[in-house]
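Accompanying notes for the structure given below.
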Amino acid sequence: MTVLEPKTSFEVSNKGFYGRFGGAFIPEMLYPNVEELRQNYLAIMADPTFQTEFRALLTDYVGRPTPLFLAERLSNEIGATIYLKREDLCHTGAHKVNNTIGQILVAKRLNKQRIVAETGAGQHGVATATVCALMGLECIVYMGEIDMERQQPNVDRMRMLGATVVPAKSGSKTLKDATNEAMRHWINNPVDTHYIIGSVVGPHPYPDMVARFQSVISEEIRTQLLEKTGHENPDYVVACVGGGSNAAGAFFHYLHEPSVRLVAAEAAGLGVSSGHSAATTALGKPGVLHGSRTILMQTDDGQVTEPYSISAGLDYPGIGPLHAHLFDSGRGDFYAIEDDEAIRAGFQLSKLEGIIPAIETAHALAALPKMNLQASDVVVVCLSGRGDKDLATYSKYL
């Protein structure tokens, strides 16, 4: 594979870059771990026996394909045709399990016995604990102390599944800090441990590997939309973006289809200019975070700014390098969604369609009124997760 020039392609280059973002900026002690994965992941994933096992588990364990649901009442309210890709119906309640199933199979083929992971909203932690239980591997999940408090049901689920949940007590005590702790653990246990990163972030090959596992979402959308409308391509695909794995999966098969606009909803928190936000593309600039060059929120002297969002899964100070390239190149449209807008959108879907979305997903729904949609537009929203875990937060607005 040759190095691809920025703004001409959205496939990762052989050095792990999307345009000018990506790469593997890692301490020397991590190099053996990352290099072992880089040298093997594509061959492992291409192996027919791997694909057979992966696809069987997606069908029989995860419950794929997930439905593509025409939300008629929401469509009437918005003034366009809105389809919901129901990732909330996956086993464990979110898209995260698509990736953890894939990575646990990679880890087994690399003869790893222990799994370490980070989690924000807890969905990736639950998905990791789930596949570790399925495969009989030890599981250690790092989670910010604040996130543990606001996502207690997911903490309990992880522990019930046999995982050790370790609180991250440094910094903002949220996702960024959990990621730091998980990486430290991996550095100290390089031989027998695989780190299952939950999003399209981190050093190459993680952003590409996670996007490939999540690409089952857009693969199914194309087939299902063709069956329902006679066309594979919608006018828009919409997804929330923290690190951005559900968005990468929903966008993947449309990256080279310029007629399909890719719409990312970021968490603006209390407002982009409030000092309490996680709207990375609005506030950030290029820099290195967790092993890759991307866009991140940082001070003038390069210190990472603490993010804030009502959503535990979106309060990350950066975005994945693919998304940074989508923003930088103009291929993607990025909207900043405030807490109150997301909450209103969550209640709207609940009352119109009988579907309670995760607050992360509600950010994507809140982008719809901002998009200047026409009556003829066909829009697919990636409904990335269900709202069970967020009922305590939603209940404050009842």
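Just so you know, the sequence shown maps onto residues 1256 to 1653 in the numbering used here. We put the beta carbon where it would ideally sit given N, CA and C, even for glycine.
*Using a Cβ-Cβ cut-off of 6 Å (strictly less than) and excluding sequence neighbours within five positions of I1395, which residues of its own chain qualify?*
V1371, T1419
*asked:* What I want to know is whether the C-beta of F1324 ends up closer than 8 Å to one or more non-hydrogen atoms of the ligand SAH.
replied: The ligand SAH is not part of the structure shown, which contains no ligands of any sort.
_What ranges does the beta strand (DSSP E) occupy inside the segment 1479 to 1564, keeping only unbroken runs of at least 3 residues that lie completely in it?_
1491 to 1495, 1516 to 1524, 1540 to 1544, 1547 to 1551
*According to DSSP, is C1394 helix, strand or coil?*
strand
*For D1447, which residues of its own chain have a beta-carbon under 7 Å away from its beta-carbon, when the five flanking residues on both sides are left out?*
K1367, Q1368, R1369
*Taking the alpha carbon of C1387 as the point to measure from, which residue in A1433, A1349, H1449 has its own alpha carbon closest?*
H1449
*So does the segment 1275 to 1282 actually touch the segment 1301 to 1315, counting three or more Cβ pairs closer than 8 Å?*
no
*asked:* Between G1453 and S1500, how many whole angstroms is the CB-CB distance? I'm expecting something under 8 Å.
replied: 7 Å
*asked:* Rounding to the nearest angstrom, what Cα-Cα distance links V1493 and T1429 in this structure?
replied: 25 Å
*asked:* Am I right that G1348 and D1643 are in contact with their C-beta atoms under 8 Å? What's the rounded C-beta distance?
replied: 6 Å
*Work out the CA separation of T1434 and G1524 for me, nearest whole Å.*
21 Å
*asked:* DSSP three-state label for H1459, please.
replied: coil
*Taking only runs that begin and end inside the segment 1585 to 1639, name each unbroken alpha helix (DSSP H) of 4 or more residues, in chain order.*
1594 to 1608, 1614 to 1622
*Between which two residues does the alpha helix (DSSP H) carrying V1361 extend?*
1351 to 1364
*Cβ of P1462 within 9 Å of Cβ of L1544?*
no
*Given a cut-off of 9 Å, decide if L1329 and V1381 are closer than it, judged by their beta-carbon atoms.*
no
*Whole angstroms is fine: what's the gap from I1451's alpha carbon to P1612's?*
25 Å
*In this structure, does DSSP put V1371 in helix, strand or coil?*
strand
*Where does P1489 land, buried or exposed, given buried means 16+ other C-beta within 10 angstroms?*
buried
*Name, in chain order, the residues that DSSP records as bridge partners for L1323.*
K1340
*asked:* Using the three-state DSSP reduction, which class does P1422 fall into: helix, strand or coil?
replied: strand
*Considering only the beta carbon of each residue, do A1505 and S1473 sit closer than 9 Å?*
yes
*By DSSP, does I1452 sit in helix, in strand, or in coil?*
coil
*According to DSSP, which residues form a beta bridge with R1641?*
P1612
*Just to confirm, are D1343 and G1377 a CB contact at a threshold of 9 Å?*
no
*Mind checking who Y1652 pairs with in its DSSP beta bridge?*
DSSP lists no partner for Y1652.
*Pairing CB atoms from the segment 1604 to 1620 with CB atoms from the segment 1550 to 1558, are three or more of them under 8 Å?*
no
*CB G1568 to CB C1495, shorter than 9 Å?*
yes
*Take every Cβ of the segment 1597 to 1604, pair it with every Cβ of the segment 1612 to 1621, and state whether three or more of those distances are shorter than 8 Å.*
yes
_Quick check on G1380: does DSSP put it in helix, strand or coil?_
helix
*Give a yes or no on whether the C-beta atoms belonging to P1422 and E1400 are separated by under 9 Å.*
yes
*Is S1564 buried or exposed, if buried means 16 or more other CB atoms sit within 10 Å of its CB?*
buried
_Nearest-angstrom Cα separation, counted from S1532 out to G1526_ = 6 Å
*Are there 16 or more other CB atoms within 10 angstroms of the CB of Q1294, so buried, or fewer, so exposed?*
exposed
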